[in-house]
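Residue numbers (the working numbering), protein chains in the order written: chain A, 1 to 691; chain B, 692 to 1021.
Heads up, the beta-carbon is just placed ideally off N, CA and C, and yes, glycines get one too.
To start, the structure itself, in structure tokens.
Below is the structure:
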């Protein structure tokens, strides 16, 4: 697409918005994004960023409503005798949500786009209120969710969860502590289903356990202190992520399961022949693959769930349709059972251009996935015609396009030597013109800087660390490169290798099909590096090949976001090499760390070692100490520039929100983060159609 | 004749088998497997999988076994008419393809029909009225059709459709019909959505066929038998349609071998752009996700269709071209 004319129109449109907002005296609070951006677009872009707001939970039981109301479609079913009355369905201790603006009205179908069975997160992130604990709308405070309340023991070795009395599965069966024990004993400890224990459910490498106290109380227990575990339960983790997310796509986690339903597919409760027969009859090659299909909420409409909506037309058909769960535990402050919206209908888009075009045409009511930031001008241009508005939700991670240098690279000793040299990495970082990248690929709404997360977070090492080694300084970069022994250049001004094998060429590996156009960004960095005499070769590959190469330690520098790293201990893999499944900073190091030194290869770099040791010590520490540890880790990571940040704190990943004008209770800005399960921390159950 | 047919059939089976081996090997060639691409996909969409989960899945799908074991397993299943599970879709391959095969045939069938309906008369006209204004106009439009990549045409038309006519974007059904069971209303909905993709798909092919038809017919028009027939007073149009056109049809018949696989795969890029629920995007997706049962089955299907198509075009050629028929008699 030609950027010039659309950019101009974008400016015009955005100027109108800015003017209108200023006139109305309602100029939205401009956050971190305004700083450091000089071009006019940046200021205008940030007009689309509103105030962080969202619905709140009413925690004081005295203020909970005593009488309940329900959606017309359910009232009809009650009349017909197909459902018990609403008082019998909502728990005695419901989750009471105070909607953002007003009490809503029932009805309507929420239209969205999705890209196929691999896009399960599209639905998961809307129904995620089946987590045990959750975060409030700011993403900073842990809240009860499926749990009514929780208590961590003083020694940090256990977390006691009290369930909501009278809570039920979507088929009306009671939800109790037995469902936790069933998951733990029959699924988690079943070697056929979970061959190895999960690190999210461990402290100091020792596995945790679940114990039932009574029908409404369960305890998570550890042998060593695990103060982090409350955050893990609230995070988007394997144990705390909720049944909908963690039992999907062949996975087996989520801390609880509908025992009364799943039992029939386990050999223990009938016989091996019986379950195998069932599986074969359904076309599966064995009971293991069948049961994994049966507990997948996107695939199996019969599965009892706790989520506000449940699947009626599965995800592997052209339209993924969800419908309200008549037993959902949430109500608004007036006692109306949530959700307000009857159905969610997601239509399959075979490619992203079609999805974006449909969004522009107003065929989606609320869509924050796959809507690309670089299409912002076109989105704005068609607002009136499509009957929607555009909101930007900047994320809190430092960099959407991060140059991850492989700290375990070996294939070319000369390149390896430089990649493992601090001053070389710093020079590369200072050779990048982040403002130009921001203007071109983030339409000016990102924030240039290092990999350090947003300053608003307690994990942030402080404002200086966003800039450290991370602003354009060609002179200093050249001086550093000369100093470390790369002073010889060829006729075209590129630096030469010290082993006499010609020009020093760095390979930049990028992946096709990420949320951000990494390959084009890499091409621009390649141009910028000419000024410091560095030759880069950009190699784009299909995304699975990208990760396969990284797993076999073949890449030199790989481009990927560092999303999720803003809450370091809940999703560290994009900041530190410690999960072998994805460690762009060096798979052998991650294998070494994960296996306690039994496999892989440890780093030689003493500061990398201390960063990893700091990380390992965090589980047993209390909150404030953990923040301190995270800050210390970030200081090391930024100073060493293992990962070179470019532009971040931006809405590029799931932060461009297309909102129909018909919808109410929509926050003008929401927390955009992995752990907050965006948009779920805004409680989509309270969204409604105004008329 | 019967022996010849049997020999051909035997060869066809052998060819299909070779295709199956080759396709399985080709699909296995890229590094990694379904699980690695599954992880990559989950990551790209903001979810994640742990190493433990990945290992368990690999075992479950038998991806830890050597490639020939996987192939034998697959062939064993195919022999029983079971094409395996489409890993990404969590549904049997036959079901996943089945849904889309008919739609693909509808789209490609419409495209082929349109191509022929346009190309035949225009080609004949261009040849008979060589260097006339009409010939030049047809040629000009034809060349444009040939030169513009169909995916770009699709994008442009889709954008125009959206900005000028407020048309439904992409897909073969309107939203409310996509989920509905088959009915007359749904069929009508499909027919209403067909012209755009059919025109886009057909345009490039039309230009090509016009040129072929024109060139072939020009050759034939100068043959002595035409001159003779004309000298004996046969009506001009009847003469042209009955003899030279029939001979010039040869390329139409001989391309049927490729037509059948085209019905399934020819529209991949256009289908992707227009978001059509056909087999094309499915194949691309299966290859990217390294979903070998699904990709293998589609490639196998293409192989079988090519073999059948070639057989059909041989028979058809015998029917329309007397020279081939006479040769066969010897």
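Less than 7 Å divides the Cβ of residue 361 of chain A from the Cβ of residue 386 of chain A. Annotation: Cβ neighbours of residue 546 of chain A in chain B (cutoff 8 Å, chain order): 731. Secondary structure note for residue 210 of chain A: its beta strand (DSSP E) is the uninterrupted segment 209-214.
Cα atoms of residue 798 of chain B and residue 981 of chain B: separation of roughly 26 Å, rounded to the nearest angstrom.
Per DSSP, the continuous alpha helix (DSSP H) segment holding residue 292 of chain A begins and ends at 287-294. Contact annotation, residue 130 of chain A with residue 242 of chain A: C-beta distance approximately 4 Å; criterion of less than 8 Å satisfied. DSSP places residue 440 of chain A in the uninterrupted alpha helix (DSSP H) bounded by 434-441. Rounded to whole angstroms, the gap between the alpha carbons of residue 249 of chain A and residue 326 of chain A is 25 Å. Contact between residue 972 of chain B and residue 959 of chain B holds: CB atoms are separated by about 7 Å, below the 8 Å threshold. Listed along chain B is no residue with a C-beta nearer than 8 Å to that of residue 504 of chain A; the closest approach is about 27 Å. Scanning chain A for C-beta atoms nearer than 8 Å to the C-beta of residue 853 of chain B yields 357, 360 and 361, reported in chain order. Note that the C-beta distance between residue 398 of chain A and residue 451 of chain A is below 7 Å. Taken in chain order, the whole beta strand (DSSP E) runs of length 3 or more contained in the region 607-668 of chain A are 656-660.
In the three-state reduction of the DSSP assignment, residue 489 of chain A falls in the strand class, which pools E and B. In this structure, residue 261 of chain A keeps its C-beta atom at 7 Å or more from the C-beta atom of residue 179 of chain A.
The region 220-269 of chain A is shown to contain whole alpha helix (DSSP H) runs of 4 or more residues at 229-234, 243-246 and 259-262, in chain order. At a Cβ-Cβ threshold of 7 Å, residue 688 of chain A and residue 104 of chain A count as neighbours. Proximity of chain A to residue 781 of chain B at the Cβ level (cut-off 8 Å) is accounted for by 117, 293, 296, 299 and 316, in chain order.
DSSP places residue 710 of chain B in the helix class (H, G or I) of the three-state scheme.
Out of A/350, A/666, A/157 and A/124, the CA that lies nearest to the CA of residue 964 of chain B is found in A/350.
CA-to-CA, the gap between residue 59 of chain A and residue 232 of chain A works out to about 21 Å. For a Cβ distance threshold of 8 Å, residue set 846 and 964 of chain B lies close to residue 353 of chain A, ordered along the chain. Listed in chain order, the positions of the region 978-1003 of chain B with a beta carbon within less than 8 Å of a beta carbon of chain A are 979, 980 and 981. Beta-bridge partners of residue 395 of chain A (DSSP): A/672. Sequence-ordered contacts of the region 402-436 of chain A with chain B are nonexistent [C-beta pairs closer than 9 Å]. DSSP places residue 147 of chain A in the uninterrupted beta strand (DSSP E) bounded by 147-152. Burial check for residue 488 of chain A: the Cβ neighbour count within 10 Å stays below 16, so the residue is exposed. Residue 336 of chain A sits in a strand when the DSSP states are folded into three classes. Annotation: residue 322 of chain A is outside any alpha helix (DSSP H); the continuous beta strand (DSSP E) that includes it extends over 319-324. Taking 7 Å as the cut-off, the beta carbon of residue 629 of chain A is found closer than this to the beta carbon of residue 614 of chain A.
Contact note: residue 347 of chain A reaches chain B through 862, 866 and 869, using a C-beta cutoff of 8 Å and chain order. DSSP, read as helix, strand or coil, puts residue 843 of chain B in helix.
Close to residue 743 of chain B, with beta-carbon spacing below 8 Å, are these residues of chain A in chain order: 194, 195, 196, 197 and 198. Here residue 1004 of chain B is near residue 947 of chain B, since their CB atoms are less than 7 Å apart. Residue pairing by DSSP places residue 218 of chain A opposite A/161 and A/212 in a beta bridge.
Residue-level contact check: residue 799 of chain B does not touch chain A, since none of the beta carbons of chain A fall below 7 Å from its beta carbon.
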